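There are 2 protein chains.
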Amino acid sequence: MQVEATPKKPYHHGSLKEALVAAGIEILDARGLEALSLRAIAAHVGVSHTAPKNHFGSLKGLLTAIAAEGFRRHRAFMLDGAQGDDPKGRQYAAMQGYIRFASDHPQLFRLMFSPALCAMDDPELSAAAADSYGILAGIAKGLDWDKSGAPDADRRSELMLWSLVHGYAMLSLSGSAQGTGAVLNIEDIMPDFGYLPQPHSPPTVT
Amino acid sequence: MQVEATPKKPYHHGSLKEALVAAGIEILDARGLEALSLRAIAAHVGVSHTAPKNHFGSLKGLLTAIAAEGFRRHRAFMLDGAQGDDPKGRQYAAMQGYIRFASDHPQLFRLMFSPALCAMDDPELSAAAADSYGILAGIAKGLDWDKSGAPDADRRSELMLWSLVHGYAMLSLSGSAQGTGAVLNIEDIMPDFGYLPQPHSPPTVT
DNA sequence: CCTCCAATGTTTCCACTGGAAATATAGATA
DNA sequence: TATCTATATTTCCAGTGGAAACATTGGAGG
Numbered sequence: 002m003q004v005e006a007t008p009k010k011p012y013h014h015g016s017l018k019e020a021l022v023a024a025g026i027e028i029l030d031a032r033g034l035e036a037l038s039l040r041a042i043a044a045h046v047g048v049s050h051t052a053p054k055n056h057f058g059s060l061k062g063l064l065t066a067i068a069a070e071g072f073r074r075h076r077a078f079m080l081d082g083a084q085g086d087d088p089k090g091r092q093y094a095a096m097q098g099y100i101r102f103a104s105d106h107p108q109l110f111r112l113m114f115s116p117a118l119c120a121m122d123d124p125e126l127s128a129a130a131a132d133s134y135g136i137l138a139g140i141a142k143g144l145d146w147d148k149s150g151a152p153d154a155d156r157r158s159e160l161m162l163w164s165l166v167h168g169y170a171m172l173s174l175s176g177s178a179q180g181t182g183a184v185l186n187i188e189d190i191m192p193d194f195g196y197l198p199q200p201h202s203p204p205t206v207t
Numbered sequence: 002m003q004v005e006a007t008p009k010k011p012y013h014h015g016s017l018k019e020a021l022v023a024a025g026i027e028i029l030d031a032r033g034l035e036a037l038s039l040r041a042i043a044a045h046v047g048v049s050h051t052a053p054k055n056h057f058g059s060l061k062g063l064l065t066a067i068a069a070e071g072f073r074r075h076r077a078f079m080l081d082g083a084q085g086d087d088p089k090g091r092q093y094a095a096m097q098g099y100i101r102f103a104s105d106h107p108q109l110f111r112l113m114f115s116p117a118l119c120a121m122d123d124p125e126l127s128a129a130a131a132d133s134y135g136i137l138a139g140i141a142k143g144l145d146w147d148k149s150g151a152p153d154a155d156r157r158s159e160l161m162l163w164s165l166v167h168g169y170a171m172l173s174l175s176g177s178a179q180g181t182g183a184v185l186n187i188e189d190i191m192p193d194f195g196y197l198p199q200p201h202s203p204p205t206v207t
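Residue numbers (the working numbering), protein chains in the order written: chain Y, 2 to 207; chain F, 2 to 207.
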């Protein structure tokens with residue numbers, strides 16, 4: 002080897018872990034789940050396909066980290082616009098954020114709930130998921146849907162709300178629901194929610 | 002296992018199409034989605050891995066046919082036990098059947114709603130899915146959840162019910178819901194459904 | 001009856017995948 | 001300075017789905 006005209010690329014990337022997760026989400030949004038191969042992600046960062054193993058162990062480990070980041074952004078979507086004075090307005094914005102995240106990042110959303118692709122029991126992933134769920138649980142408490150007075154009424158209200166919203170999002174992504182292509186709206190499944198907030202732009206998630 | 006006692010295996014299978022779908026569902030139930038390869042299905046039937054192409058075009062075509070059969074069995078689960086006199090009892094049994102199918106055949110259920118794996122616009126698949134959805138729509142009409150009097154109130158009631166049940170099933174399969182491992186119960190998300198039918202055995206689906 | 005044809009399977013190949021193992025590099029530490 | 005360790009590369013391998021050429025068979029027409 003003789004002349005190295007171009008400045009040499011450092012052997013060590015420096016922040017490969019974060020770069021791989023970011024690259025994965027980019028590929029996911031741009032080319033979908035089928036394009037999300039270990040080699041594709043590595044190439045996107047300019048690294049060999051075995052480099053991720055040092056940081057994530059396996060492809061599943063990397064996908065798990067991507068899903069965890071997905072939950073953090075998911076949470077950001079729910080919090081976005083949910084900062085007003087009106088409690089009901091905040092609830093509406095959060096629920097709408099849940100749905101909007103699913104329709105804006107369908108592939109990432111599916112990954113986040115695919116136990117075949119990521120390790121659901123991973124500490125980082127379950128922590129991020131729990132943070133996201135916490136917002137939803139707060140809203141459910143406000144709604145007070147299960148009036149049975151049972152000791153687990155709160156938990157059941159949460160589960161009802163979560164099932165309703167999650168099912169709506171999933172069915173839309175599956176192309177099974179009739180509203181395919183249309184903009185998802187929380188009022189489609191909660192007509193008595195009865196609150197129309199101002200339109201807003203997506204949150205800036207880094 | 003199709004152990005044939007006769008010495009000579011015929012060159013032509015005779016009913017490869019049906020056999021492949023059946024084999025696919027068996028593998029799905031026994032070893033999960035990751036084991037469901039074209040080669041595995043073909044080997045299970047005792048045929049080369051390129052034979053399915055004549056009948057299904059590609060792996061996606063085969064998976065689509067498997068999903069369609071899944072919807073037919075899904076419908077059978079909802080109809081099972083929904084033959085009594087009491088309308089509310091029939092409704093309960095059908096909803097519980099929806100959930101029971103998901104927990105009995107989680108991998109098949111996921112496949113049925115995975116647009117990345119099967120062609121949702123396939124005529125056979127969408128017809129089977131529509132048949133299944135029809136039962137749910139009938140129940141929604143009976144519930145009359147959307148009392149807004151809007152012209153699309155029926156469709157919205159259907160969507161609400163479907164979202165609720167589907168979301169509950171999906172979250173449980175994802176391992177995200179708290180009731181992981183527990184037997185799914187429709188009353189967990191519909192506490193006011195207020196009807197407890199007799200226990201029954203799964204339907205015999207062929 | 002025979003011939004040819006179209007349907008159905010097989011063989012062989014190829015590009016691609018994730019992972020294992022040995023090796024190279026470079027920053028940190030003694 | 002010498003080594004150690006984390007990080008990244010290279011090379012290999014079994015497995016995947018699909019394309020293409022070939023083989024087998026049952027059936028439709030002469």
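Just so you know, even glycine gets a beta-carbon here, dropped at the ideal spot from N, CA and C. Only a predicted model underlies this, so the values are computations on that prediction, with no experimental measurement involved.
Here DSSP, grouped into helix, strand and coil, assigns residue 45 of chain Y to helix.
The residues 61, 64, 65, 67, 68, 112, 113, 126, in chain order, have a CB closer than 8 Å to that of residue 119 of chain Y in the same chain once the five nearest residues on each side in sequence are set aside. Annotation: the continuous alpha helix (DSSP H) that includes residue 108 of chain F extends over 107-113. Using a Cβ-Cβ cut-off of 8 Å, residue 137 of chain F does not count as an interface residue toward chain Y, since no Cβ of chain Y sits closer than that to its own.
In the DSSP assignment, residue 54 of chain Y falls within the alpha helix (DSSP H) that extends over 53-57. With fewer than three CB-CB distances shorter than 8 Å, the stretch 132-152 of chain F does not count as touching the stretch 132-142 of chain Y. Annotation for residue 28 of chain Y: the continuous alpha helix (DSSP H) segment containing it runs 17-32. At a cut-off of 8 Å between beta carbons, residue 98 of chain Y makes no contact with chain F. With its beta carbon less than 8 Å from one in chain F, residue 121 of chain Y belongs to the interface. In the three-state reduction of the DSSP assignment, residue 168 of chain F falls in the helix class, which pools H, G and I.
Annotation for residue 69 of chain Y: the continuous alpha helix (DSSP H) segment containing it runs 60-80.
Restricting attention to Y:138, Y:92, Y:107, Y:115, the CA atom closest to the CA of residue 157 of chain Y is found in Y:138. CA-CA distance, residue 167 of chain F to residue 93 of chain Y, rounds to 22 Å. Of F:17, F:20, F:163, F:174, the smallest CA-CA separation from residue 110 of chain F is found for F:174. Taking each of Y:107, Y:85, Y:72, Y:18 in turn and checking the Cα distance to residue 47 of chain Y, the smallest one comes out for Y:18. Two segments are said to touch when three or more pairs of C-beta atoms, one from each, lie closer than 8 Å; by this definition the stretch 81-97 of chain Y touches the stretch 184-191 of chain Y. The residue from F:72, F:20, F:57, F:52 with its alpha-carbon nearest to that of residue 131 of chain F is F:72. When rounded, the separation of the alpha-carbon atoms in residue 102 of chain F and residue 90 of chain F is 18 Å. Around the Cβ of residue 81 of chain Y, a 10 Å sphere holds 16 or more other Cβ atoms; the residue is buried.
With respect to the C-alpha of residue 13 of chain Y, the residue from Y:28, Y:55, Y:38 having the closest C-alpha is Y:55. Straight-line measurement puts the Cα of residue 133 of chain Y at about 23 Å from the Cα of residue 34 of chain Y. Within chain Y, no residue has its beta carbon less than 9 Å from that of residue 79 of chain F; the closest one is some 15 Å off. The three-state secondary structure of residue 142 of chain Y, taken from DSSP, is helix.
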